[in-house]
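2 protein chains.
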Amino acid sequence: MATTTGSTALFTDRYELTMLSASIADGTADRHCVFETFARRLPPGRRYGVVAGVGRVLDALADFTFGESELAQLEPFLDPPTLEYLAAYRFTGDIDGYPEGELFFPGSPVMTVTGTFGNAVILETLILSILNHDCAIAAAAARMATAAGDRPLIEMGTRRAHEEAAVAASRAAWLAGFSATSNLEAGRRYGIPTAGTAAHAFTLLHDTEEAAFASQVAALGVGTTLLVDTYDITQGIETAVKVAGPDLGAVRIDSGDLAALTRAARRQLDELGAANTKIVLSGDLDEYAIAALRADPVDVYGVGTSLVTGSGAPTAGMVYKLVEVDGRPVEKRSKDKVSLGGRKAVIRRAKDSGTITEEVIFRGTADDARAAAGPHDRIVPVPLVRAGRRLADGPDLSASRDHLRHALTTLPWEGLTLSEGEPAIPSTQLTQPPAAKD
Amino acid sequence: MATTTGSTALFTDRYELTMLSASIADGTADRHCVFETFARRLPPGRRYGVVAGVGRVLDALADFTFGESELAQLEPFLDPPTLEYLAAYRFTGDIDGYPEGELFFPGSPVMTVTGTFGNAVILETLILSILNHDCAIAAAAARMATAAGDRPLIEMGTRRAHEEAAVAASRAAWLAGFSATSNLEAGRRYGIPTAGTAAHAFTLLHDTEEAAFASQVAALGVGTTLLVDTYDITQGIETAVKVAGPDLGAVRIDSGDLAALTRAARRQLDELGAANTKIVLSGDLDEYAIAALRADPVDVYGVGTSLVTGSGAPTAGMVYKLVEVDGRPVEKRSKDKVSLGGRKAVIRRAKDSGTITEEVIFRGTADDARAAAGPHDRIVPVPLVRAGRRLADGPDLSASRDHLRHALTTLPWEGLTLSEGEPAIPSTQLTQPPAAKD
């Protein structure tokens, strides 16, 4: 499953290394470069993006080294000076970026990498892999969390995603407001709370549904969640309460007309005296289904496929573009993909109330941004790496979760709707710092 | 990135292990069970599925063991007998399945796991993660390969997918007919040929496009592929041939109206005497765009996002269902998800010409299937694991690639069209073996 060496260096497109080779040969590998990571647009209809994966990028960077095994793989197509360069490679530049849990919009420079061309170009593929995946999942998860309101969400999508991607998806979902994950590796790796109920197989294994429920309660206590839809749901609920008593933790319903079944289940549980027994719903839920169930007595949502596939947008569309060479802004000039060259700074404008109104992205420095920012505005990017050294062990995932929860409260109200529309705030790109605001 | 221990055991939903715990306590963990892995339906409009990931499942199975680190993670919620069971766990059952590179249809039992409940249930999550991902990518890739015909496809999607999922996607794409991948780890892990061109950054790094091209040709030879759309394409092609001469390997165009640009590029290259210089196209290609370019002088397609996201179907929708307990067929009986219980055998019916006509899935054994199969019919599943022992080092990926290439030729012609429609052949489910065919 994993690379046998623990190195992340080969999660890389071949052309990064052949470009390196050519640039070493002609001396341009040493030019001072700035690369910016951004999405040209949000997925269709989405109002905001969510930054996730920054911590994973910084973790992966620490293992981005070329040992014997990696070099042996590259030897057939790289020349000796390049192999030598890679053998000694450590990232020694700077990284600035949006904090994990921050919102982003079209053109937001989510991660800016500064260093020599050779030092910085070869990180492109890995940075994009991580951010494109994790941001896509987090954006979908944030919409689901908003739709769910105060009701907890359990991430159950592991089986619908690549086994390693599933762990990252659990992380992104938790960051974006999910309460727990079914994924045990995510529990180990990131300390995310794990949760689970039972599968239909467990009921089918036993001679009767009652025997299955009795076994589960005996092993896991009456606080457990019994899956009641293997045969007849009404009978299943009756049996569940008969077996566990009125203190049964929860029942789970995984199929059928979930709204109608939930209301009927609530009535039945109440009639059986199990007024505190919760109802866990699962079964192809997405943010729209979650929202549609808002008036129904659901206690917990389990979400799988739609979460791990980004609910229709499985990748965030980020690119990693060279914007500055030796202090000179550079930009592609083909007709359909115009970019603003030069290293950018960002001011996020806000009203007195804290509601954000505009993302101003301009060619300039953090100092320019500070000079031009009004009292409620914010300078978004923060330093993450200096001279190759990570500035903090974090970002702490729990702090990032809080960061996002707060950031969502700063969106204009239409930004939190599920309906399709424009980004919640406009992005303005300027070739120079905006005038200072009073 | 990887699990620190090399174990794959925690790529697992928590409930698999709590079900195990309850079944150990009540004695049902030892019941003899059959689990089948299948998709209830194909993604909307798709005509066939492609089996991929079988080799990865078998690799992952070898590392599915619970060491100290895994057990420490489980100790807070599992009882001592379960922890003891897991400490000694090795899969000791049997696995049968569709060979990698085989076609599948709704209900096809792609992978059948036989063993005690405890031994087999806990593999559910990992088997599904791998098959759901890899089959989704392979199915999309196969359609792209069909659309491309004899023209080679390069897989370039790494940056749009989770870093480990990207490696598996490269594998699935190659299996399904792609010629090469940009992903260096896929080259190392699976021996897939790697390929690459250059990025816009390389041109922007240099003072002029000509300097960039000269550098690339000096480092990589005139056989290299020059990216000509950073500024003006016509000028880019002129410069490319000026620098490399008429033996230039290829030019790449990554943006704009690809059909028109390709025709113009071909004319221009021919006029410049570079009649053998190929044209590589990339830029948001999917199977439809590839097909639409069929009449244009494209030599190689580079495909990224649409490949790694399964071209709209990023997961294959497979489930892992308990179908038999101690020889007794079992099945969920809720209204919307009816399954046929019992271990199934499969005959794929075919005409004299070899064209397949029907997938007959029936409760029965491989012997029953052999008895009922006509001379052109085929028994699809093969033994993969016996008493925990993998029967072959394979499947060899190259053989699987050949298997799929042949299998696609057995589809009715409408099965190879890109238009949306029903599965290419009907699936028939029977509770007993069909009558023998003469």
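Protein chains in written order, with the working numbering: chain A, 1 to 438; chain B, 1 to 438.
Every residue, glycine too, gets a C-beta built ideally from N, C-alpha and C.
Does any C-beta atom of chain B lie closer than 8 angstroms to the C-beta of A:A166?
yes
If the criterion is Cβ atoms closer than 8 angstroms, does the pair B:K65 and B:A29 meet it?
One point to set straight first is that residue 65 of chain B is Thr, not Lys, in the sequence displayed. No, Cβ-Cβ distance for B:T65 and B:A29 is not below 8 angstroms.
Under the three-state reduction of DSSP, which class applies to A:S427: helix, strand or coil?
Strand.
Just checking my contact of A:T114 with A:V34 at CB under 8 angstroms: how many whole Å lie between their CB atoms?
5 angstroms
With DSSP as the reference, label B:P490 as helix, strand or coil.
The structure shown does not extend to residue 490 of chain B, since chain B is modelled only from 1 through 438, so no value can be given for it.
Taking contact to mean 3 or more Cβ pairs, one atom from each stretch, closer than 8 angstroms, check whether the region 222 to 237 of chain A and the region 193 to 207 of chain A are in contact.
Contact between the region 222 to 237 of chain A and the region 193 to 207 of chain A is present, because at least three Cβ pairs lie under 8 angstroms.
Contact criterion: CB-CB distance below 8 angstroms. Does B:H200 meet it with respect to chain A?
yes
Is the closest heavy atom of the ligand PLP to the C-beta of B:G97 under 7 angstroms?
Inclusion of the ligand PLP in the displayed structure is not the case, the ligand content being empty and no account of it being possible.
Assuming B:S282 and B:R252 are in contact, meaning their beta carbons sit under 8 angstroms apart, how far apart are those beta carbons, in whole angstroms?
Contact between B:S282 and B:R252 holds: their C-beta atoms lie close to 6 angstroms from each other, under 8 angstroms.
From the beta carbon of B:R31, is the nearest beta carbon of chain A less than 8 angstroms away?
yes
Contact between the region 210 to 219 of chain B and the region 240 to 255 of chain B is defined here as three or more beta-carbon pairs at a separation below 8 angstroms; is this criterion met?
yes
Are at least three pairs of beta-carbons, each pair with one atom in the region 315 to 326 of chain B and one in the region 295 to 306 of chain B, less than 8 angstroms apart?
no
Closest residue to B:G342 among B:Q73, B:P43, B:E331 and B:R349 (Cα-Cα distance)
B:E331
Does the Cβ of B:S353 have 16 or more other Cβ atoms within 10 Å, making it buried, or fewer, making it exposed?
Counting Cβ neighbours within 10 Å, B:S353 comes out exposed, since fewer than 16 surround it.
Given a threshold of 16 other Cβ atoms within 10 Å of its Cβ, counted over all protein chains shown, does B:R174 qualify as buried or as exposed?
In the sequence as presented, Arg is not what sits at residue 174 of chain B; that position holds Trp. Buried is the call here.
Exposed or buried, B:E287, counting other C-beta atoms within 10 Å across all chains shown (16 or more means buried)?
Around the C-beta of B:E287, 16 or more other C-beta atoms lie within 10 Å, and the residue is accordingly described as buried.
For B:H32, the three-state DSSP class (helix, strand or coil)
Taken through DSSP and simplified to helix, strand or coil, B:H32 comes out as strand.
How many Å lie between A:V217 and A:G223 at the Cα?
Straight across, the Cα-Cα distance linking A:V217 with A:G223 is about 8 angstroms.
So, are the CB atoms of B:T125 and B:F202 less than 8 angstroms apart?
B:T125 is not a Cβ neighbour of B:F202, given a cutoff of 8 angstroms.
Helix, strand or coil at A:K351 [DSSP, three-state]:
coil
Hey, is B:K332's beta-carbon within less than 8 angstroms of any beta-carbon in chain A?
yes
Proximity test, Cβ basis, 8 angstroms: A:F11 and chain B
yes
Straight-line gap, B:A399 to B:E102 (C-alpha atoms, nearest Å):
11 angstroms
For B:I24, which residues in the same chain have their Cβ closer than 7 angstroms to its Cβ, ignoring the five residues on either side in sequence?
For B:I24, where only same-chain residues beyond five positions count, the Cβ hits under 7 angstroms are P81, T82, Y85 and G118.
What separation, rounded to the nearest whole angstrom, lies between the Cα atoms of B:P426 and B:A138?
Distance between B:P426 and B:A138, taken at the CA atoms: about 21 angstroms.
Run of the alpha helix (DSSP H) containing B:F117, from where it starts to where it stops
F117 to V121
May I ask which residues mark the beginning and end of the beta strand (DSSP E) holding A:G446?
Nothing can be reported for residue 446 of chain A, as the shown portion of chain A is limited to 1 through 438.
Going by DSSP, what residue range makes up the beta strand (DSSP E) through B:A274?
Under the DSSP assignment, B:A274 falls outside any beta strand (DSSP E); it carries neither an H nor an E label.
Should A:M111 be flagged as near chain B, meaning a C-beta pair shorter than 8 angstroms?
no
Looking only at C-alpha atoms, which of A:R151, A:A166 and A:D150 sits nearest to A:G157?
The candidate whose alpha carbon is nearest that of A:G157 is A:A166.
How is A:F38 classed by DSSP in three states: helix, strand or coil?
Under the three-state reduction of DSSP output, A:F38 falls in the strand class.
Considering only their Cβ atoms, is the gap separating A:R188 from B:Q73 smaller than 8 angstroms?
yes
Drop a sphere of 10 angstroms on the beta-carbon of A:P375, count the other beta-carbons inside from all chains shown, and report buried for 16 or more, exposed for fewer.
A:P375 is exposed by the Cβ-count criterion.
Between the Cα of B:V323 and the Cα atoms of B:L384, B:L128 and B:P109, which residue gives the shortest distance?
B:P109
Have a look at A:V121, A:V385 and A:L248 and flag the residue whose alpha-carbon is nearest the alpha-carbon of A:M19.
A:V121
From A:K321, A:L285 and A:V298, pick the residue whose C-alpha is nearest to that of A:S311; which is it?
Sorting A:K321, A:L285 and A:V298 by C-alpha distance to the C-alpha of A:S311 places A:L285 at the top.
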